[in-house]
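Worksheet: one structure, shown below.
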Amino acid sequence: MSVSTTTAVDEALVALRAGRPVLVSDDADRENEGDVVLAAELATPEWIGWTVRHTSGMLCAPMSAERADALALPRMVERNEDSLRTDYTVSCDAATGVTTGISAADRARTARVLADPSSVPADLIRPGHVFPLRARPGGVLERPGHTEAAVDLCRLAGLRPVAIIAELVEDDGSMSRWDQIVALGEQHALPVLTIAELRAHLSAAAGQDAGEGNA
27 MSVSTTTAVD
37 EALVALRAGR
47 PVLVSDDADR
57 ENEGDVVLAA
67 ELATPEWIGW
77 TVRHTSGMLC
87 APMSAERADA
97 LALPRMVERN
107 EDSLRTDYTV
117 SCDAATGVTT
127 GISAADRART
137 ARVLADPSSV
147 PADLIRPGHV
157 FPLRARPGGV
167 LERPGHTEAA
177 VDLCRLAGLR
187 PVAIIAELVE
197 DDGSMSRWDQ
207 IVALGEQHAL
217 PVLTIAELRA
227 HLSAAAGQDA
237 GEGNA
């Protein structure tokens, strides 16, 4: 594991624990896009509003399939035709403490409800303005997507493994690419991380654990 990879992941975890966003980019041969990643349990109207301004505005909430099942959030469709097999559930809003569900304050509230371990299905209404996603159980080592990266990062940070993500876009409506993502991170003092770096970090940690187990 390189020092730069470790530093990038560590900086991302510090930011998430502080309730700040992390900018995560995937590979050029996949989506070649960047997402804002926030820990759902620490979502605030301020950072949700910032996220909406710098992204497509569509907020998704990655979580485990078990968590989605516990909240009665079934898959959006039975036959997934998405090219990357992004596993959407039905959309939702918090059942209480919101107005129309679309404001930054309302969506921050919904995010916190999704992450709250005491929440039950009745705490949500369907459909809504937040789109939960089911992450693969193996994380980015199984599927190198933003869905899995967000859940892995929250888990590594010691937070509840439910996140908020949204795709970064430019003022002209085009998708943000690597140089633009780095520039945005520098402008707002936010960590920038690639999924490849996260995969390397987790692979190295898994190898170290296996080595210790065989010692």
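Numbering of the sequence shown is given in our numbering, commencing with residue 27 and proceeding in unit increments. Beta carbons are placed, not taken as given, at the ideal position from N, Cα and C, and that holds for glycine.
Distance, residue j Cα to residue i Cα
i: residue 47; j: residue 104; result: 32 Å
i: residue 49; j: residue 211; result: 7 Å
i: residue 136; j: residue 62; result: 17 Å
i: residue 160; j: residue 92; result: 9 Å
i: residue 165; j: residue 173; result: 8 Å
i: residue 204; j: residue 58; result: 8 Å
i: residue 134; j: residue 74; result: 6 Å
i: residue 201; j: residue 84; result: 13 Å
i: residue 43; j: residue 216; result: 13 Å
i: residue 27; j: residue 152; result: Reliability of the predicted coordinates at residue 27 is poor, the pLDDT of 47 falling under 50, and the value obtained from them is presented with this limitation in mind. Answer to the nearest angstrom: the Cα atoms are 43 Å apart.
i: residue 112; j: residue 97; result: 19 Å
i: residue 40; j: residue 106; result: 35 Å
i: residue 143; j: residue 68; result: 13 Å
For residue i, three-class secondary structure by DSSP
i: residue 181; result: helix
i: residue 174; result: helix
i: residue 149; result: helix
i: residue 123; result: coil
i: residue 225; result: helix
i: residue 130; result: helix
i: residue 83; result: coil
i: residue 96; result: helix
i: residue 210; result: helix
i: residue 110; result: coil
i: residue 138; result: helix
i: residue 167; result: helix
Where residue i falls, given that 16 or more other Cβ within 10 Å makes a residue buried
i: residue 168; result: exposed
i: residue 108; result: exposed
i: residue 196; result: exposed
i: residue 192; result: buried
i: residue 183; result: buried
i: residue 52; result: buried
i: residue 199; result: exposed
i: residue 223; result: buried
i: residue 77; result: buried
i: residue 33; result: exposed
i: residue 218; result: buried
i: residue 117; result: buried
Rounded distance between the beta-carbons of residue j and residue i, thought under 8 Å
i: residue 158; j: residue 179; result: Not a contact, Cβ separation roughly 17 Å.
i: residue 177; j: residue 89; result: 7 Å
i: residue 119; j: residue 155; result: 6 Å
i: residue 60; j: residue 221; result: Not quite, the Cβ-Cβ distance comes to about 10 Å (not below 8 Å), so this is no contact.
i: residue 132; j: residue 125; result: 6 Å
Where in the segment 29-77 do unbroken runs of the beta strand (DSSP E), each at least 3 residues long, occur, reported from the N-terminal end onward? 48-51, 60-65
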